[in-house]
Amino acid sequence: MLVVRPSGPADLDFLLELAILSGPGFTSLPEDPDQLSERLDLSRDSFQGKLEPQARWYTLMLEESETGDVDGIGSVKAAVGLNRPFFSFRVVNNAQSSPSLGIKLEQRTLVLVNECTGWTEVGSLFLKADRRKGGAGRLLSQSRYMLIGAEPELFNENVLAELRGVFTPDGACPFWDHVAHKFFPMEFDEADRMTGSTDKQFILDLAPRHPIYIDLLPEPARAVIGKV
276 MLVVRPSGPA DLDFLLELAI LSGPGFTSLP EDPDQLSERL DLSRDSFQGK LEPQARWYTL
336 MLEESETGDV DGIGSVKAAV GLNRPFFSFR VVNNAQSSPS LGIKLEQRTL VLVNECTGWT
396 EVGSLFLKAD RRKGGAGRLL SQSRYMLIGA EPELFNENVL AELRGVFTPD GACPFWDHVA
456 HKFFPMEFDE ADRMTGSTDK QFILDLAPRH PIYIDLLPEP ARAVIGKV
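When you line the sequence shown up against my numbering, it's residues 276 to 503, in that order.
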């Protein structure tokens, strides 16, 4: 029987296995035992109510009760952007016109924003390949909302989910390679590691300060905007 249960420090080996299986771009599952151990400590303290509500990060494990094997993970972060900024690109439509020429244009731009501060985040949803059927994924996914629904006063009324973007079969990230790398001259894996383990000051220092016109981007980058 499959059950969803709170995680704790004893789950480190299971969590590390899932992190390795999750592949590139899964920022909340780094292949770093120290970071994962800290996360499990945080989950234990969150479930035990030892932290302020907004500081809590609950991690859930999908377990096969007969064998004790852990086949998936999900999480609820009570609030994002309080201790470290939560950045995202917003797609903004800009209307322009020239009455004298009879021309009207709509230009889409990417604008870096930090507008979800304090929102609750559901994330880290990952299952082993052989568990992605029979309703296991739905069980694990919905369990996060059941956790929120059990004590809604501990969470924000706005809930977001951050989904992994597009990667090619050889592990390349078109949006990173054609856009973000121009501002952050490093490999994606290094930037991903820094995003999960630092205060993100490097993003404030180097991120674009002006809108990026989508039509000026290479086609491989345009094609993956908003895609997962």
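All C-beta atoms, glycine included, are put in the ideal place defined by N, C-alpha and C. These figures come from a predicted structure and were not determined experimentally.
Does DSSP classify residue i as helix, strand or coil?
i	result
Pro281	strand
Arg468	helix
Asp346	strand
Gly412	helix
Met336	strand
Ile487	strand
Ser303	coil
Lys457	helix
What residues in its chain sit with their C-beta under 6 Å from that of residue i, if we drop five residues either side in the sequence?
i	result
Lys352	Trp332 and Glu396
Gly471	Thr302 and Pro305
Arg419	Gly349, Val351 and Val397
Hey, could you find the ends of the beta strand (DSSP E) residue i is sitting in?
i	result
Arg365	Ser363 to Ser373
Give every residue of the same chain whose Cβ lies closer than 7 Å to the Cβ of residue i, excluding the five residues on either side of it in the sequence, and list them in chain order.
i	result
His453	Leu492, Pro493, Pro495 and Ala496
Leu481	Phe458 and Phe459
Tyr559	Since the first residue of the chain shown is 276 and the last is 503, residue 559 is not available in this structure.
Alpha carbon to alpha carbon, what distance is there between residue j and residue i?
i	j	result
Lys403	Ala294	10 Å
Ala354	Ser373	44 Å
Ala455	Leu296	25 Å
Met421	Val279	11 Å
Asp307	Asp288	11 Å
Pro360	Val499	24 Å
Can you list, in chain order, the residues of its chain whose CB lies under 8 Å from that of residue i, leaving out five sequence neighbours each side?
i	result
Ala411	Leu277, Leu337, Asp346, Gly347 and Leu402
Val367	Arg383, Thr384, Leu385, Val386 and Pro486
Phe362	Leu387, Val388, Asn389, Lys475, Ile478 and Ala482
Pro284	Ser312, Leu315, Asp316 and Arg319
Ser520	As shown, the chain starts at 276 and ends at 503. That puts residue 520 outside it, with no answer to give.
Let's see if you can read the secondary structure: which residues bound the alpha helix (DSSP H) around residue i?
i	result
Leu357	Premise fails: Leu357 is in no alpha helix (DSSP H) and is neither H nor E.
Gln382	First-last for Gln382: Ile378 to Val388, but that is the beta strand (DSSP E), not the alpha helix (DSSP H).
Gln310	Pro308 to Phe322
Asp480	Gln476 to Leu481
Ser297	Leu287 to Ser297
Arg497	Glu494 to Val499
Just grab the DSSP bridge partners of residue i for me.
i	result
Gly398	Ser350
Leu435	Glu396
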